[in-house]
Structure formats: C-alpha cells, structure tokens
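Chains as they are written, first to last, in the working numbering: chain X, 233 to 589; chain D, 131 to 433. Just so you know, even glycine gets a beta-carbon here, dropped at the ideal spot from N, CA and C. Model, not experiment: these values are computed from the prediction.
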C-alpha cells in the first residue's frame, strides 16, 4: 500500500482527490515532518490549490506565511554574515537550506530554514570564527567536553548563535567529520563552487550539492527531518535535470568525492518513495556503489521505516528500532570504533549524571 | 444544508467521556476546529461545563489535534498532532494546560491570520480590542464587559484577516487569574466558572464560560472600532485619553504574535486597523468604573 503522504509528494495533482478525513491525517503527518508549506507550494505549482477545501487552504496559507518569514529571515542573516565576513578574502560556500534559498531552487518554496550553514577552507576557519564573534555571534554554552569534541573530531565549529537575533550559523570546513569512513575532499568542493546570486557567497556545483545532501541524510545520522531531506534530494534532481552537464557527470563526481554509497541510497530511495525521475544510465552506473546484498536488503527495510513518520500517535517499536540502528550506524560511519566507544560511553555517563542532578 | 445543532452539552456525560477517551471529539470555536482526546474524567467534566454550547464538528477535519496522556506519578502530558511538544505537568493543572495547549496551536500554526495578544469584545457591531502588558487587567475587563452583555470574541487573541481587516471570534472560556476570580464572581451575576487550578505558573486560574449568545454567533466577524490600552492604578477615576496613531501602531505590533511574519501585508493591516479606530489609554482603579467608562464610550459613539 502506498503511503498517502508520499503519494501526494510524488503527484501533487492527486491532492484534489482527498476528502476532509484524508486531509486531516495528511495535515497531522505533514506537521510532524515540517512539510505543510511544501504541500502548499506543490498544490500551487500543480494548479490545484484553489480547488482544495477552504479549511485546508487556510492551514496551508498559515504554513506558507511562516515559511515566507523563514526565507526573509535567512536572507537577512546572509546579509549580516556577508558583512561580518567582508574582510575574510576567502571563498564562503552556502550549504543546505540557505543555499537552496539563495539559489532560488523551486523546492526551497515552502521549505523551513532556521540556520545558515557555510563552508570555508579549513585554514581560514579560525579567522571566520573570530570575525563572526566580533560581530555578535557567540558560542552556545557547551561543556568543555563538547567543545573539544567539536573542535577535534567534527567537520564544523560548535554552533554560533547571534546574541540579539538568536539565529545560528554553522561554520564547516568539510562536509563530513574528518574521522568519517568517507573522505570527500573539501578543496575539490570549493574549487568546483560557483558564485551565488547573493554576493559574496558561493554555491556548490549541482552534483556536489546533491552529493552533500545525500551524505548528510544517508551517512551523517541526522534523521530528525529525514523525509524533508529526501524531499530536498528529489527537488534537486528535478531542478538540475535542466542542466545538461548534471546527470552525465554525476557518477564520476560521486567516485571522485568518495560519496558513491550515499548517492546510491539517494537515487534508490528517492525513486522508490517519491518517484523521482532518474535516467536509466545513471541508475545503472550507481549500481557500482550498491552495498553487498545482505546489507542492501537490510537497508531497504530500515531506511523507509526511519524516513516515514507513521500515521498514529505513538512511534512503533519497529520504527524506533530502525532509527536507533541507523543512528548507531551513522556514528559507526563517522568515527573509528575506539573513538566511537569512548564517545558513546562519555555521552551515556553524562546523560546519567544529568538525570541524577 | 441545516443539521440539528450538535453541541458538546447535547452529548450525555457517558458519551462525551467515552468519545474523549477514544477517537476524540472535534469542537468548533469560531474559525478553528480542535480535536480533543482527553481520557481524564475531570477534563471531560470541565469540557462539559465550559464548552457546553460549542458545536461538535463532524467533518472529519481538525485544525488542531490535542491529546492528553496519563504518565503516572500524578503527571500528564499533552501531544500536538500526536507529537510531544511540552514538558509533562501535574494533573492538577490539566485544564489550564489544555487551554494553553490550544492557544499554543493557534499561535504556532494559524499565520493565515494576523494574531495579536489582546482581549476582544463586541457591541453594536464594532469590536473593542484591549491589549497591554500582562497584569494590565485585560482578561478581567473582558470578563466584566461580557457580564454586561458585550459579545465575547476572545480574552487572548485578536484574530485578524490581513486582507480585509475583519476580526474573528473564538469565544473560548476566559482565563481569570488570582484576585480576578473573586472580583468577577462578585461583579457578574450568573457567571459560570470552572474549577480553580492552583499552582500554575501564573498562580491560581479559573475559567469563565462564554455566554451562549457569544458562542452561537462565533461565526460572525466584526471590524474593530476601538483599540484600548488598559492600565490599572491604585486609585483614580477611570479616564480615557487618546493615543497618537504612531504610538498605538508600535504597541499593537509589539503585542502581536506574528506581526513580522506578514511583512508588508502585516504593516498595512495594522495601519488600516488604527485608521479605522479610536485609540485610547484607559487608566482605572475600579473595575466597575472602567466598565462604565467603556460602555459610555460606545454609547457616545452611537449618538
């Protein structure tokens, strides 16, 4: 049976077929996955918005107003960050939501964006951090362990929050933790980047943008908005389809950046769950990145289970287990086993201490 | 199509409790329908008392979806759309927490409206919008005015269509705090108050039921006629003093939940509203005196 939320994400014109009880179930689930404003944008693009029930339209407009505010806020943050980093004289590449907004990608319409993520060359990251701190961004109060954890093992600075606006900028020097099994070369990403419509920022090349999003979702363990992230991947593939260089170069680029496996999962699950059109040659080419059969079969079960918010109130045991397995896997992938064991033990001890306090 | 008016109060005690403990019951309050799943006897009883006149919606579609869940050790939690959004609370404050959770849904999701933190009542077809600092007495004034026959819109939200400036009623119960509970009991003959909850973060809270006439007309919007900024003092006769439009603008925007979300449309909606209203400071010490001053204001306008 097809999941109703996936069905309308894949074919927005079918939104007109839903009755009010079906809309009720859909609204609950779309709220839980931050996809209400995306449904609104899809309904408008498909030309069916005006045919939806009035009370449904009211809720979609409510979400649209909020998403529009997010975009306005993100544009203002980019303006402030540009000012703060004016003297840096190094490439500053926008990542994730801010990049989709700056690039004007169609799926950014209705996407909620709360933080700005930027990538700077590793040797300039301290300078970028100093500049942001001079302009009002502050480190959240992390304990010394977390500070050290970020600085030694992570691919980004601890989050910097602006003292007045309370908005967060994440400054990355690469797109996966340096300890990760996969080692995409950040210099290659920056070298292929191109000017963003919002000066002085840059954007990843289309293939790199897709590969980064795939690595983030399928390798980095952030499953909080997993379905939204899959919708991003779908949106990128549909948007970049118009760029004649995109599909032909994708497989080679994935190999070059060491991101073949995440690309395989992205193509497989976007096609399966959201009916994303992918040229047959690319599907065939990505087979080289497929996991060995027993693991592939397991991931085919785990990934959809973790991606799909189930329709009723409680999380089922199966879905919680799938998320836990993938969470553990993502840590396994980002750290060598000894470091992972030390980190998880430390985190467990801190949780224990916090409960006792 | 007209159907028999199904209200919360028309359900038997047993049916209401059974449905609240099962698939839930959808209650229509003005433009919003809230599905409630409340498997707690005391909440069923409070709902039956405070929401008796509200229509039960049978469309199958709810704007808000609120579930209460027992956790043991005297704690409960509320889920929104099936998802945990708030910390658990003591069961003793279940009713104020329920009201607060519904308010949370409104200002978290309903940005199709411009939402201002204000008490709104209506007389002679014009809405009176009262906003100000917490403790300025807007809920108490709102309850007192409703007791004098004004139509209740809301003690908490001015719900405004940004495109045409109309205000929409909700007519949910009025939350009275601390001393206001006794003052309203004394002042408003026949006021129906729900149970008093002690130890909420605002102290003691009790809810006053909206008059049946307000609930029946909860689908009738109105335009704002007066914007009043109440200010309670220790002594002095109630006095209304004009507030310049520019100052009124900033006070309204300051008290809005989502003014900035609406960008230029929000700016224009607030400007139009101020242009169409008398904007007044209300200094008062005595509640009855303040109510009389507001009555005179509206009567004077009608002449």
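Taking residue 186 of chain D as reference, the option from D:408, D:136, D:220 with the minimal CA-CA separation is D:136. The beta carbon of residue 160 of chain D sits no closer than 8 Å to any beta carbon of chain X. Residues are counted here when their Cβ sits less than 7 Å from a Cβ of chain D; for the region 245–266 of chain X these are 252, 253, 255, 256, 260, 263, 264, given in chain order. In summary, residue 380 of chain D is exposed, with fewer than 16 beta-carbon neighbours lying within 10 Å of its beta-carbon over all protein chains present.
Here the region 237–250 of chain X lies against the region 268–280 of chain X, with 3 or more beta-carbon pairs under 8 Å apart. With its beta carbon at least 8 Å from every one in chain D, residue 311 of chain X lies outside the interface. In the DSSP assignment, residue 266 of chain X falls outside any beta strand (DSSP E), carrying neither H nor E. Between the beta-carbon of residue 361 of chain X and that of residue 320 of chain X there is about 11 Å, and that puts the pair past the 8 Å contact cut.
Distance from the CA of residue 293 of chain X to the CA of residue 272 of chain X, rounded to the nearest whole angstrom, comes to 7 Å. No Cβ-Cβ contact shorter than 8 Å links residue 430 of chain X with residue 313 of chain X. DSSP places residue 208 of chain D inside the beta strand (DSSP E), whose first and last residues are 205–210. Taken through DSSP and simplified to helix, strand or coil, residue 268 of chain D comes out as helix. Residue 185 of chain D is bridged by DSSP to D:137.
When the five nearest sequence neighbours on each side are left out, the beta carbons in the same chain lying within less than 7 Å of the beta carbon of residue 270 of chain X are those of 342, 343, 463, in order along the chain. Chain-ordered listing is empty here: chain D has no CB closer than 7 Å to the CB of residue 517 of chain X, the nearest sitting near 40 Å.
Around the beta-carbon of residue 324 of chain D, 16 or more other beta-carbon atoms lie within 10 Å, marking it buried. Look at residue 272 of chain X: its C-beta is not under 8 Å from any C-beta on chain D.
At a cut-off of 8 Å between beta-carbon atoms, residue 257 of chain D makes no contact with chain X. Our two residues, residue 267 of chain X and residue 460 of chain X, have alpha carbons roughly 7 Å apart in a direct line. Taking 8 Å as the CB threshold, residue 240 of chain D lines the interface with chain X. Each of X:483, X:345, X:535, X:244 was checked against the Cα of residue 518 of chain X, and the nearest Cα belongs to X:483.
Here residue 389 of chain D carries a helix assignment [DSSP, helix/strand/coil]. Listed in chain order, the non-local C-beta contacts of residue 435 of chain X below 8 Å within the same chain comprise 325, 326, 331, 334, 335, 425, 426, 427, 428, 441, local neighbours out to five positions each way being set aside.
With respect to the 8 Å criterion, residue 468 of chain X and residue 445 of chain X are classified as neighbours on the basis of their beta carbons. About 13 Å separates the beta carbons of residue 166 of chain D and residue 206 of chain D, which is beyond the 8 Å limit, so they are not a contact pair. Secondary structure note for residue 358 of chain D: its beta strand (DSSP E) is the uninterrupted segment 353–362. The shortest CA-to-CA distance from residue 263 of chain X to any of D:150, D:238, D:198, D:139 is the one to D:238. Of all alpha-carbon atoms in D:291, D:307, D:344, the one lying nearest the alpha-carbon of residue 332 of chain D is that of D:307. Annotation note: the region 235–282 of chain D contains the following uninterrupted beta strand (DSSP E) runs of length 3 or greater, listed N- to C-terminal: 244–247, 249–253, 256–260. By the C-beta criterion, the region 352–367 of chain D is judged to be in contact with the region 284–304 of chain D, since at least 3 inter-stretch pairs fall below 8 Å.
Taking all protein chains in view, the Cβ of residue 349 of chain D is surrounded by fewer than 16 other Cβ atoms within 10 Å, so the residue is classified as exposed.
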